[in-house]
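Residue numbers for the sequence shown follow numbering that gives the first Met the number 0, so the first one is 0 and each next one is one higher.
Glycine residues also receive a C-beta, built at the ideal position from the N, C-alpha and C atoms.
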Amino acid sequence: MDCVIVSPHVDDAFLSLGGLLSKKQFGTALVLNLFSQSKYAKPRYGDSVKEIGKERRREELINAAAVGCAVEFSGLPEAGLRGYQIGADGKIWGDNPSRRDIEVAIEAERRILDRIRDAKDVFFPLAIGRHVDHMIVSKIGIETATRKNSGLNFHFYEDMPYAIHSPSRAGYLDIGLSGHQMHPKMLRFNPVTKFRLCSNYISQFNQYDALRIVLYGKQMRVLGGFNERIWSVNDYEYLGALATKEPIINGAVREIRDKHQYSRLTAKGHEN
Ligand SMILES: [Zn+2]
């Protein structure tokens, strides 16, 4: 595979980067869905993890077939299956990740490192919205990107639909990548295609939700088109001490770095 889109849940890759995937802008792609064991769906899709997981995988496979990418389901349990109350403030990650969080994070990292080995470009979420599963995956991305000589191009994408509520005005992003300056890149997408992909997740969203995601791409205002924005690491532009401190996406990304102790834990996992 030329590129790997690391996706916390079954739907994140297409909601955030459906345009990129449909245009094959980075060549052949693998969507790696890590926390694909889910109990989260509208009531009519059943109430067992088995039924819901099956329905969500079905939706994802339709999109994968539509754009011609590979897709993988790692089967790790999403936050709701690890005792988190979805949407309950303060219970998302917090200052003390649980033992179960650490276990799944280490396993998630193992899967990611295994799959990105032969790729050229790899995409991680920024964890806008601070969902614990997104934060785990984002942190793994930051840790991996920080290592020298990986030979990979690292990109971070704006999590949809969370980014709609936390829009960024920043021209540069600091997520604690050891001095790497990150620049936004706008990737033009076809709104009709992206709407089709987003509105396919009927166990999760309605068509209005899908439309809002598409319209957010219009806010990027590059030559009037619709765009997905990614933030790429550029090795050659070292960020000096006097670098401009432009607004961070709602402070959320900085909080990941400052508040959470996950990096130390993954580093430990690596020695094994
Ligand atoms: Zn998600």
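Item	Value
F122 versus F155 - alpha carbon distance	5 Å
Same chain, Cβ closer than 6 Å to G128, neighbours up to 5 away in sequence not counted	D158, Y161
Opening and closing residue of the alpha helix (DSSP H) in which H133 lies	131-145
N-terminal and C-terminal residue of the alpha helix (DSSP H) that D113 is part of	98-115
Pairwise C-alpha distance: L31 and I135	14 Å
Beta-carbon gap between G216 and F188 smaller than 8 Å	yes
Distance, G18 Cα to M219 Cα	14 Å
V9: first and last residue of the uninterrupted alpha helix (DSSP H) it sits in	No alpha helix (DSSP H) holds V9; DSSP gives it neither H nor E.
Beta bridge counterpart(s) of S231 as assigned by DSSP	H154, H182
Short Cβ contact (8 Å threshold) for V103 with E59	no
Extent of the continuous beta strand (DSSP E) to which A28 belongs	28-32
Range of the contiguous beta strand (DSSP E) that encloses F122	120-124
Any heavy atom of ligand 1 within less than 5 Å of residue CB: hits in chain order	P7, H8, D11
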